[in-house]
Amino acid sequence: MRISTAQYYGTQASDYQRNFNKAVATASEASSLQRINTAADDPIGAGRLLQLGQQAAMLDQYKTNVNTTKSALTVQESTLESITTALSRAKELALAANNGTITDKDRQAYASELGEIQQQVLGLMNAKDADGNYLFSGSKTDTAPYSQNTDGTYTYNGDQTTINLGIGDGLTVGTNTTGWDAFQQTINTARTGVKMTAPAVDDGRVVLSNGTVGSEASYNAKFTSGQPYTVSFISSTQMQITDALGNDVTAEASKNGVISNTSGSNQSFSFRGVDMKLNINLKEGDTNPDAVIAGHSFQLAVSPDTFTTTRSPGNASTAVITGSTITDQAAYTAAFPQGGAVLKFTSATDFDLYAAPVTADSKPVSSGTVVGGNATAAGVTFALGNTPATGDQFSIQPNNHQTQNILDTLGQMIGALKTPIDGDPVAKQKLQGAMEAGLGNIDAATNQIGTAVTLIGARGQALDMQSVTNDSLSTANTTTQGSIRDSDPAEVMTRLTLQQTMLQAAQLAFSKISQLGLFNKI
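In case it helps, full-length UniProt numbering puts the sequence shown at residues 1 to 522.
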């Protein structure tokens, strides 16, 4: 077989170029100590590195989310603990103010300090984070959670949305605590009320408190189904309780309804989960206690729903709703939207009631005509001040008093303390009942906040555990990437030395063989 000179030169040049390229690549690898610099170096390895890079980026994002969430939860926890501290001071003041020996002037001072605490708590509930976002508004981070209504009560303006961030594969954690969960769902222990039914004019001899819920289970299981109750005093030492159907349920009251006729005594009894206070106030000349106490009676029932009404800023008239009263309980229960309603006037006298929010497809749940300055819809009568115009709207929010935020509780306590009672034992006894109800609600609010803090702690533990897992995954990811991408320095240098030696040998051989031509022999 004969090989031409041109053929030989071509083959040698090609082999030399290929080996030279390998040597250059190996030299580059030795310089960077990375085996894969382009996908052409190792297509399979490059694909695996791409997947690992995506995982590393995700783990970095998870780490950022964990740190962000930890920071947010720390601020929320600190704020909630500050509110708890303020409520602890409010409780101390309430206990001191509930002392029967202090004067109206003392109570005014306590009311003033409670007012300062209320404003402090309001400020903490409306606190912002470092970015200017409200902590407890849910997803409405640019809206203050609480605002005061014209009647002095407070409304929650946020929502119930939990903002979640991913902290691991398929794992998210809530970064916020809503005011709805921390404050708005506080059990209202003062949601029952009494009304004297006999005698027609209160003589002050028998004072029965509105009561506080002492056992939620008993209250829900028994009290609500049997109300309204009639509490009758058949003597100065015995009372009788009958339910709405007239059944005698006195046996379910502590001591079977036996009371003391000691004048001025602050007595306690429980009935179906409700704790009551009773005072007997005999007057000078009452030599026969049975004669003056027997015949007193009260109606004991769940506090009726109340309503917060707000006129639309765009209303053409100056009409306002001055009062709201349930006038037909059956119609109210059956038809009134418990999530909120909108009263819309189609003329100066005609109106429709819609479930909120009103949309283009909304249909009224009740319609009517104004009679005597009152608009009655779905069992509720709204008293109107001034004449409404066509298109006027009013937002209506019902309150069933099952829950109550602490701002409203403090407001009620402040109002009770500001009421003069010196020299009036009956008024003093009623104040004590109001303060005890407030104390019960402060305890309930503290428990609710404590639950929120516990949930924050649980999320913090989850973050710590997942952070450890993410760190382990990140370490494994880095190790795996290194095993695929990085070179063994000793192996690379050995290979580079071999390739350089082979290039030198090829050069020397080419030089020698190229001198074997015929022209060199002439």
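We put the beta carbon where it would ideally sit given N, CA and C, even for glycine.
Remember, it's a predicted structure, so these values are computed and weren't measured experimentally.
task = With 8 Å as the threshold, decide whether the Cβ of Gly132 is near any Cβ in chain D.
result = Absent from the structure: chain D. Only one protein chain is present.
key: Inter-stretch contact at 8 Å, needing at least 3 Cβ pairs: the stretch 127 to 140 / the stretch 167 to 179   = yes
task = Given a cut-off of 8 Å, decide if Asn210 and Thr193 are closer than it, judged by their beta-carbon atoms.
result = Strictly speaking, residue 193 in this sequence is Gly, with Thr absent from that position. Yes, the Cβ-Cβ distance between Gly193 and Asn210 is below 8 Å.
ask   = What whole-angstrom Cβ distance do Phe351 and Ser367 have, given they're in contact under 8 Å?
value = 7 Å
query = Going by the CB atoms, is the gap between Thr212 and Thr446 shorter than 8 Å?
reply = no
inquiry  = Taking the beta strand (DSSP E) that Tyr332 belongs to, which residues open and close that run?
reply    = Unbroken run through Tyr332 is the alpha helix (DSSP H), Gln329 to Ala335; no beta strand (DSSP E).
task = Go ahead and pull the three-state DSSP assignment for Ile163.
result = If DSSP states are grouped into helix, strand and coil, Ile163 belongs with coil.
task = Leaving aside the five residues before and after Pro420 along the sequence, list all residues of the same chain whose C-beta is less than 7 Å from its C-beta, in chain order.
result = Asp104
task = Can you grab the Cα-Cα spacing for the pair Arg107 / Ile456, in whole Å?
result = In a straight line, the C-alpha of Arg107 is about 37 Å away from that of Ile456.
inquiry  = Between Ile414, Thr327, Gly47 and Val370, which has its C-alpha nearest Lys344's C-alpha?
reply    = Val370
inquiry  = Quick test of the definition: if touching needs 3 or more C-beta pairs under 8 Å, does the stretch 156 to 171 touch the stretch 306 to 319?
reply    = no
inquiry  = Below 8 Å, how does it come out for the stretch 279 to 292 and the stretch 193 to 207: are there three or more Cβ pairs, yes or no?
reply    = In the pairwise beta carbon analysis, the stretch 279 to 292 is classified as touching the stretch 193 to 207: at least three pairs are separated by under 8 Å.
request  = Would you mind stating whether Gln448 and Gln185 have Cβ atoms separated by less than 8 Å?
outcome  = yes
task = Find the nearest neighbour of Val468 within the set Val66, Val365, Asn98 and Asn164, judged by alpha-carbon distance.
result = Of the candidates Val66, Val365, Asn98 and Asn164, the one whose C-alpha sits nearest the C-alpha of Val468 is Val66.
query = Considering only residues of the same chain and omitting the five flanking positions on each side of Gly166, which have a CB-CB separation below 8 Å?
reply = Gln61, Tyr62, Asn65 and Thr172
Inter-stretch contact at 8 Å, needing at least 3 Cβ pairs: the stretch 236 to 249 / the stretch 257 to 267 = yes
query = Is it a yes or a no for the stretch 372 to 388 touching the stretch 433 to 445, going by three-plus beta-carbon pairs under 8 Å?
reply = no
query = Leaving out the 5 sequence neighbours to the left and right, which residues in its chain are closer than 7 Å to Thr479 when beta-carbon positions are compared?
reply = none
query = Under three-state DSSP, which class holds Val371?
reply = strand
request  = State the Cα-Cα distance for the pair Ala144 and Met125, rounded to the nearest angstrom.
outcome  = 9 Å
Best match in Pro228, Thr150 and Ser82 for proximity to residue 527 [C-alpha to C-alpha] = The requested residue 527 does not occur in the structure, where the chain is confined to residues 1 to 522.
ask   = Can you tell which of Leu73, Thr497, Ile406 and Asn149 has the C-alpha that lies nearest to the C-alpha of Arg459?
value = Leu73
request  = Give every residue of the same chain whose Cβ lies closer than 8 Å to the Cβ of Ala294, excluding the five residues on either side of it in the sequence, and list them in chain order.
outcome  = If we look at Ala294 and ignore the five residues flanking it on each side, its Cβ neighbours are Phe233, Ile234, Ser235 and Ser236.
message = On the CB-based measure, 16 or more other CB atoms within 10 Å of its CB, does Ser147 come out buried or exposed?
response = Per the 10 Å Cβ criterion, exposed.
ask   = Using DSSP with H/G/I as helix, E/B as strand and the rest coil, what is Gly339?
value = coil
query = Counting pairs of Cβ atoms below 8 Å between the stretch 391 to 406 and the stretch 303 to 315, do you hit three or more?
reply = yes
query = Among Ala127, Thr150 and Gln51, which has the Cα closest to the Cα of Asp142?
reply = Ala127
message = DSSP three-state label for Gly415, please.
response = Helix, per DSSP.
message = I need the straight-line Cα distance from Gln267 to Arg191, nearest angstrom please.
response = Inter-residue distance for Gln267 and Arg191 is about 20 Å (C-alpha atoms, whole angstroms).
Candidates Pro304, Gly339 and Gly170: closest to Tyr354 by CA position = Gly339
query = Smallest Cα separation from Pro357: which of Ile442, Ile396 and Ala330?
reply = Ile396
message = Going by DSSP in three states, Asp106 sits in which element: helix, strand or coil?
response = Residue state, collapsed to three classes: helix.
task = Determine the direct distance from the alpha carbon of Leu245 to that of Pro304, and round the result to whole angstroms.
result = 19 Å
message = Suppose you measure from the CA of Val292 to the CA of Asn98; what does that come to, to the nearest Å?
response = 28 Å
task = Tell me whether Arg311 sits in a helix, a strand or coil according to DSSP, three-state version.
result = The three-state secondary structure of Arg311, taken from DSSP, is strand.
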